[in-house]
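Data block below; observations after.
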Amino acid sequence: MMNLIINGDNFSPNVPPSTTMLDYIRDHLGLKGTKEGCGEGDCGACTILRISDGKLQAINSCLMQVGQADRGQFITVEGLAKANQNILTPIQLAIAEGGGTQCGFCTPGIVTALFALIQSDEEITEESIHETLAGNLCRCTGYRPIIEAAKKCDRPKIHFNATAPTTHSEKYQFGGQTRHAPSTLRDLLEILSSRPDAVLFSGGTDIGLRFSKGREKPDRLIDASRVKELNFIEETEDSIRIGAAVTYTAALPEIERLYPSFADIIRRIGSKQIRNLGTIGGNIGTASPIGDTLPCLIALDAKLTLFSLNGERELSIEDFFMDYRKTSLSLGEVIHSVSIPKLASDQVFRSY
Ligand code: FES
Ligand code: FES
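Using my numbering, the first residue of the sequence shown is number 16, and each one after it goes up by one.
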């Protein structure tokens with residue numbers, strides 16, 4: 016059984032696991048504040064908040080599957096005032112009073128995205144506001160009053176009851192769909208070798224389009240994001256190794272420290288909402304010719320470690336890509352990690 020908490024209430028969704036969080040929130044829970052604009056991670060109208068390690072992260076609910084949300088805790092725009100003794104939070108008031116909304120369609124997504132910034136310890140600057148709003152489109156009001164509202168708004172810490180996470184459900188079936196969410200690499204490889212036709216993903220920001228826009232319902236899904244061996248960052252004297260299920264957001268501080276120019280590219284990938292879900296491993300695995308990290312990783316001469324039930328192998332990232340969306344991964348093989356060499360004292364790295 017899946018279980019999740021939305022705005023403090025417990026739900027056990029009985030829906031196919033690839034149902035988008037957006038459809039679940041709007042159509043099954045009747046919470047219509049969260050909007051659907053593009054359905055592909057571009058407009059931010061569907062922004063909701065996930066509580067992760069006590070911090071709020073904005074995510075695109077159109078790209079997140081309900082299965083990915085299992086045992087998670089989320090806040091929609093309706094949950095903000097609910098946590099604030101049923102009065103509008105300062106950012107909602109500031110946007111309303113400052114003329115930051117006209118049609119209002121984009122506003123719930125803008126409010127939730129800015130709320131995550133205002134609740135964080137990050138300094139509120141022109142730059143941090145712009146970075147926060149990079150994934151939110153507003154076509155009528157213009158951004159000036161919205162940015163002014165974010166600058167002026169108070170920053171009280173609003174408390175959300177955090178519940179202790181419980182073990183997630185490793186297998187869930189509904190409506191002809193089976194979702195696996197293994198916790199170990201061994202389990203992942205065994206499931207994959209018995210069902211090589213399954214759709215494998217971690218953050219799901221690329222594959223999510225097939226469910227939100229394409230309305231596809233594959234029979235079998237494998238979510239690798241909970242595999243503990245794929246969730247690590249390890250530094251040695253000569254390199255940094257990033258597990259395939261590490262999100263852009265989690266990897267960014269390390270990349271910033273070692274390759275600031277590469278970090279500038281990562282900050283331009285989609286938006287915070289996308290980077291909070293998407294992974295560098297997924298960017299490599301999808302082998303898209305427009306994969307943002309790939310030119311940097313090739314230029315830095317990164318190496319990939321691949322695992323299958325037959326063991327592990329290492330290969331240069333350049334040899335990994337065969338053709339348009341074609342890789343040298345064998346059947347039943349997964350990306351375990353990417354290792355990026357550190358720059359020598361006589362090397363510089365710049366990306367544009
Ligand atoms: Fe546009 Fe989700 S509906 S980003
Ligand atoms: Fe944002 Fe109209 S107020 S699109």
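Just so it is clear, CB atoms sit at the ideal spot from N, CA and C, and this is done for glycine as well.
Just so you know, these numbers come straight off a predicted model, no measurement behind them.
Cβ-Cβ separation, residue j to residue i (assumed contact under 8 Å), whole Å
i              : j                 : result
leucine 236    : serine 33         : 6 Å
glycine 347    : proline 197       : The Cβ separation is near 14 Å, so there is no contact.
leucine 312    : valine 353        : 7 Å
leucine 273    : lysine 357        : 6 Å
proline 31     : phenylalanine 216 : Not confirmed; about 15 Å, so no contact.
glutamine 192  : lysine 167        : Not a contact, Cβ separation roughly 47 Å.
leucine 315    : isoleucine 299    : Actually they are not in contact, since the Cβ atoms of leucine 315 and isoleucine 299 sit about 13 Å apart, beyond 8 Å.
isoleucine 257 : isoleucine 295    : 6 Å
isoleucine 284 : glutamate 269     : Contact doesn't hold; Cβ gap of about 16 Å is too wide.
lysine 97      : glycine 48        : The pair is not a contact, with the Cβ atoms about 11 Å apart (cut-off 8 Å).
alanine 109    : isoleucine 139    : Contact flag wrong, Cβ pair sits at about 12 Å.
threonine 156  : threonine 116     : 6 Å
glycine 297    : glycine 218       : 5 Å
asparagine 18  : asparagine 29     : Asparagine 18 to asparagine 29, Cβ: 11 Å. No contact.
Residue(s) in a DSSP beta bridge with residue i
i                 : result
leucine 186       : The amino acid occupying residue 186 in the given sequence is lysine; leucine does not appear at that position. The partner list for lysine 186 (beta bridge, DSSP) reads His195.
isoleucine 63     : Ile74
arginine 283      : DSSP lists no partner for arginine 283.
leucine 330       : Leu319
glutamate 8       : Given that the chain is displayed from residue 16 to residue 367, the structure contains no residue 8 and the question cannot be resolved.
proline 356       : Ser254
arginine 235      : Thr193
isoleucine 20     : Asn25 and Gln88
threonine 181     : DSSP, once it has assigned bridges, lists no residue as partnering threonine 181.
isoleucine 350    : Leu321
phenylalanine 130 : Looking at the DSSP assignment, phenylalanine 130 forms no beta bridge with any residue, so it has no partner.
threonine 35      : Gln80
aspartate 338     : Lys341
leucine 215       : Ile237
threonine 262     : Thr294
Nearest residue (CA-CA) to residue i, options the options
i              : options                           : result
glycine 69     : Gly87, Asn325 and Ile350          : Gly87
glycine 124    : Gln107, Ser135, Glu137 and Asp136 : Gln107
leucine 46     : Leu37, Gly52, Ser67 and Gly296    : Leu37
isoleucine 90  : Tyr367, Ala73 and Ala317          : Ala73
arginine 282   : Gly326, Lys228, Tyr187 and Ser366 : Ser366
cysteine 153   : Cys121, Val242 and Asp136         : Cys121
serine 227     : Asp253, Ser345, Met79 and Glu141  : Met79
lysine 243     : Asp279, Thr308, His183 and Gln288 : His183
glycine 56     : Asn101, Ala260, Asn325 and Ser286 : Ser286
proline 160    : Leu103, Ile144, Phe175 and Pro268 : Ile144
leucine 71     : Thr301, Tyr39, Thr199 and Thr127  : Thr127
glutamate 329  : Leu344, Gly114, Asp338 and Gly223 : Leu344
valine 92      : Gln83, Ala84 and Leu103           : Leu103
glycine 119    : Glu141, Leu44, Gly52 and Phe335   : Gly52
histidine 43   : Arg225, Val214, Val81 and Ala278  : Val81
threonine 199  : Lys50, Gly59, Asp279 and Phe322   : Phe322
glutamine 288  : Ile222, Thr262 and Asp24          : Thr262
glutamate 203  : Met16, Ile21 and Val349           : A small correction: the amino acid at residue 203 is leucine; glutamate does not occupy that position in the sequence shown. Out of Met16, Ile21 and Val349, Val349 has the C-alpha closest to the C-alpha of leucine 203.
leucine 324    : Met337, Ala302 and His351         : His351
isoleucine 186 : Pro304, Gly306 and Ala239         : Checking the sequence, you will find lysine at residue 186 rather than isoleucine. Lysine 186 has its Cα closest to that of Ala239, out of Pro304, Gly306 and Ala239.
cysteine 77    : Asp253, Arg340, Asp338 and Gly229 : Gly229
alanine 213    : Ser303, Asp234, Pro304 and Met337 : Asp234
glutamate 137  : Lys172, Gly115, Gly157 and Cys155 : Lys172
threonine 220  : Asp307, Asn75 and Thr251          : Asn75
serine 331     : Arg340, Gly297 and Leu309         : Leu309
glutamate 327  : Thr264, Arg201 and Phe277         : Arg201
serine 360     : Met16, Gly297 and Asp253          : Asp253
serine 303     : Gly223, Glu163, Thr342 and His195 : Thr342
isoleucine 222 : Glu142, Leu95 and Gln83           : Gln83
alanine 317    : Asn18, Pro28, Asp334 and Phe26    : Asp334
leucine 224    : Thr251, Ser67 and Thr301          : Thr301
glutamine 100  : His174, Met17 and Met337          : His174
isoleucine 305 : Ile40, Pro275, Glu163 and Arg340  : Arg340
isoleucine 251 : Ile20, Ile355 and Met17           : Sequence check: residue 251 is threonine here, not isoleucine. Closest by alpha carbon: Ile355.
serine 67      : Pro105, Asp85 and Cys58           : Asp85
isoleucine 162 : Arg194, Ala111, His195 and Asn176 : Ala111
C-beta neighbour in chain E for residue i, strict 8 Å
i           : result
alanine 128 : In summary, chain E is missing from the structure at hand, where a single protein chain is found.
Are at least three pairs of beta-carbons, each pair with one atom in the region 204–213 and one in the region 51–67, less than 8 Å apart? no
Which residues are close to ligand 1, meaning CB closer than 6 Å to any heavy atom, in chain order? Glu51, Gly52, Cys53, Gly54, Gly56, Asp57, Cys58, Gly59, Ala60, Cys61, Asn75 and Cys77
Three or more C-beta pairs under 8 Å: does that hold for the region 114–133 against the region 145–160? yes
Just jot down, in chain order, the residues whose CB lies closer than 6 Å to any heavy atom of ligand 2. Thr116, Gln117, Cys118, Gly119, Phe120, Cys121, Thr122, Cys153, Arg154, Cys155 and Thr156
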